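Here my numbering is used: the first residue of the sequence shown is 833, the next is one more, and so on.
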Amino acid sequence: YSKQPQSSSSEKPKGIIDLTTANNLVDDVSTVCAKVNSFAISVPGRTFCFYAESEEVKLSWITKIKKVVILQLKEGYLWKVPGDSHNFKHWQKRWFTLKNYQLFYSRKFKGEHVGCINLADIEEVKFVDEVTKKLHSFSISTPARVYYLYASSNEERKDWISYLHSAPGE
């Protein structure tokens, strides 16, 4: 990015924004950025405000940015069966984040990822209450394994499944 429109090809950019780390894209921030036709991109530790000369140009930029980066879609706690186990007596509470065509999970809230499910590998997502004997449970089948998870409510389970079905790459 540059602070001013590039007037010559010799002007060096002021910096680079790594869109793969973006966690929010807001398309109407004119009250925050104090300019009409503005939008913002948030990355860890910083929010960048941009403005365009028209609504049409702004929408064009937003469309192009959305094609490059898949923003965080959903996150929250779910419980999962460890490994490939079918022992439904031992469940682990994990923090899940759906982002960038992948479902990451961590041992604690926003902690270091300990596992990942690539959305392109998902073959099936279905309710499995009868199999697990656990309310609000569902499975995610991939060629490598079946993940058994449960949510805190039926609505939360439906929400996760809806996000998994509507996420790009699914």
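All C-beta atoms, glycine included, are put in the ideal place defined by N, C-alpha and C. Since the model is a prediction, treat every value here as computed from it, not as a measurement.
Answer with yes or no whether the minimum CB distance from residue i to chain D is below 7 Å.
| i | result |
| --- | --- |
| G847 | Absence of chain D from the displayed structure is noted, only one protein chain being present. |
Taking just the CA atoms, how far does residue j sit from residue i?
| i | j | result |
| --- | --- | --- |
| V960 | V913 | 13 Å |
| S834 | C865 | Confidence at S834 is low in this model, with a pLDDT of 45, below 50, so its placement is unreliable and the value that follows should be read with caution. Cα to Cα, the separation comes out at about 17 Å. |
| K906 | K844 | 37 Å |
| R878 | F871 | 14 Å |
| K896 | N919 | 46 Å |
| F970 | K898 | 29 Å |
| L935 | W893 | 27 Å |
| D916 | A976 | 9 Å |
| S874 | D850 | 10 Å |
| T964 | E885 | 56 Å |
| K890 | L857 | 12 Å |
| Y937 | E887 | 38 Å |
| I814 | T853 | The shown model of the chain, from 833 to 1002, leaves out residue 814, and the question about it has no answer. |
| E956 | L930 | 16 Å |
Kindly indicate which three-state DSSP category residue i falls into: helix, strand or coil?
| i | result |
| --- | --- |
| P992 | Checking the sequence shown, residue 992 turns out to be Trp, not Pro. Helix at W992. |
| S985 | coil |
| K925 | strand |
| L1011 | This structure leaves residue 1011 out entirely; the chain is present only between 833 and 1002. |
| T895 | helix |
| L851 | helix |
| K912 | strand |
| V978 | strand |
| V858 | strand |
| V889 | helix |
Going along the chain, which residues of its own chain have a beta-carbon closer than 7 Å to the beta-carbon of residue i, five neighbours each way excluded?
| i | result |
| --- | --- |
| Q838 | At Q838, the pLDDT of 49 sits below 50, so the modelled position is not reliable; the number obtained from the coordinates is stated separately. Result list for Q838: empty, nothing under 7 Å. |
| F880 | I849, A872 and I873 |
| Y979 | K912, I949, S971 and I972 |
Among residues of its own chain, excluding the 5 on either side of residue i, which ones have a beta-carbon nearer than 8 Å to its beta-carbon?
| i | result |
| --- | --- |
| I954 | I972, S973, T974, L996 and E1002 |
Under 6 Å Cβ to Cβ from residue i, same chain only, skipping five residues before and after it: list those, please.
| i | result |
| --- | --- |
| K966 | Y982 |
| F941 | W927 |
| W911 | W923, K925 and Y982 |
Assuming the contact rule is C-beta atoms closer than 8 Å, residue i and residue j should be a hit. Round their C-beta distance to whole Å, please.
| i | j | result |
| --- | --- | --- |
| H968 | E988 | 7 Å |
Query raised in the report: Which ranges would you report for the beta strand (DSSP E) in the region 931-965 if only whole runs of at least 3 residues count?
Result: Taken in chain order, the complete beta strand (DSSP E) segments of 3 residues or longer contained in the region 931-965 are 934-938, 945-950 and 956-959.
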